[in-house]
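Q: What follows is a structure written as structure tokens; I'll ask about it next.
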Amino acid sequence: MDEITSAEDLKKFEDIYIREASNGEVTANTQFNYAYCLVRSNSKNNIVKGASLLQGLCHSGTDQRDYLYFLGEANYKLHEYKTALKYVNRVLQIEPQNRQALELQDKIQSQMQKDGLLGLGILGGTAFILGGAAVLVGLFAASKSK
16 MDEITSAEDL KKFEDIYIRE ASNGEVTANT QFNYAYCLVR SNSKNNIVKG
66 ASLLQGLCHS GTDQRDYLYF LGEANYKLHE YKTALKYVNR VLQIEPQNRQ
116 ALELQDKIQS QMQKDGLLGL GILGGTAFIL GGAAVLVGLF AASKSK
């Protein structure tokens, strides 16, 4: 999942995709290869575009695990963890022992848990600061009334 597509591969598959699109029909294989390269890039815009192409493949009447897995990966990279988990869980419904999907599922759940705990920590810190400020205001008011 941490593998990054080379600029050469991205350009190669983009050219094939554009050529087929200009001829009026893009094959599912070409669309998948281009989407795969986009999802494996560092660019958020490319990842979003790749996810869109993969979604198009899923809506074309197929529900192949590769499309779903890479949609999960794309959404994970975009920090859309609930959506990523939905796609990975669908892969695991099709193929319960899929090693890649199980690993991605663990990464997603770990990140969701980390983000949840971080969120609780921020809320707790804010409550502590507000509580401390209230105590100081109370002390100041008490000392002023004497």
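Residue 154 in this note's numbering sits at position 139 of the sequence shown, with consecutive numbering throughout.
Note that CB positions come from ideal geometry on N, CA and C, so glycine has one too.
Predicted model only: the values in this text are computed from it and were never measured.
1. Nearest to A99 by alpha carbon, out of D24, D121, S58?
2. Mind checking which residues open and close the alpha helix (DSSP H) that includes G39?
3. Apart from the five residues just before and just after R114, which ones in its own chain have a Cβ nearer than 7 Å to its Cβ?
4. Taking all protein chains shown into account, decide if I33 is buried (16 or more other Cβ within 10 angstroms of its Cβ) or exposed.
5. In whole angstroms, give me the CA-to-CA distance for E95 and P111.
6. Using the Cα positions of N48 and Y102, report the straight-line distance between them to the nearest angstrom.
7. Using only the alpha-carbon positions, how far apart do S37 and F28 sit?
8. Less than 8 Å between CB atoms is the rule here; does A50 satisfy it with respect to chain D?
9. Does the Cβ of I19 have 16 or more other Cβ atoms within 10 Å, making it buried, or fewer, making it exposed?
10. Nearest to A116 by CA position, among Q126, S125, R105, is which residue?
11. Work out the CA separation of D24 and Q108 for me, nearest whole Å.
12. Leaving aside the five residues before and after K64 along the sequence, list all residues of the same chain whose C-beta is less than 7 Å from its C-beta, in chain order.
13. Distance, Cα to Cα, S125 vs K92?
14. Which same chain residues end up closer than 6 Å to L83 when comparing Cβ atoms and leaving out the 5 residues on each side of it in sequence?
15. Take I31 as the anchor and find which of K59, D81, T42 has the nearest alpha-carbon.
A: Walking through what the data contain:
1. Distances from the CA of A99 to each of D24, D121, S58 were compared; the closest alpha carbon is that of D121.
2. Bounds of any alpha helix (DSSP H) do not take in G39, whose DSSP letter is neither H nor E.
3. Contacts found: none.
4. Exposed is the label assigned to I33, since fewer than 16 other Cβ atoms lie within 10 Å of its Cβ.
5. Their backbone Cα atoms lie some 22 Å apart in a straight line.
6. Going by the C-alpha atoms only, they are around 19 Å apart.
7. When rounded, the separation of the alpha-carbon atoms in S37 and F28 is 14 Å.
8. As a matter of chain content, chain D is missing from the structure shown, which is built from one protein chain.
9. Exposed, because fewer than 16 other Cβ atoms sit within 10 Å of the Cβ of I19.
10. Here the closest residue by C-alpha is R105.
11. About 32 Å.
12. Correct list, in chain order: L53.
13. Straight-line measurement puts the Cα of K92 at about 14 Å from the Cα of S125.
14. For L83, where only same-chain residues beyond five positions count, the Cβ hits under 6 Å are Y102, R105, V106.
15. Considering only alpha carbons, the answer is T42.
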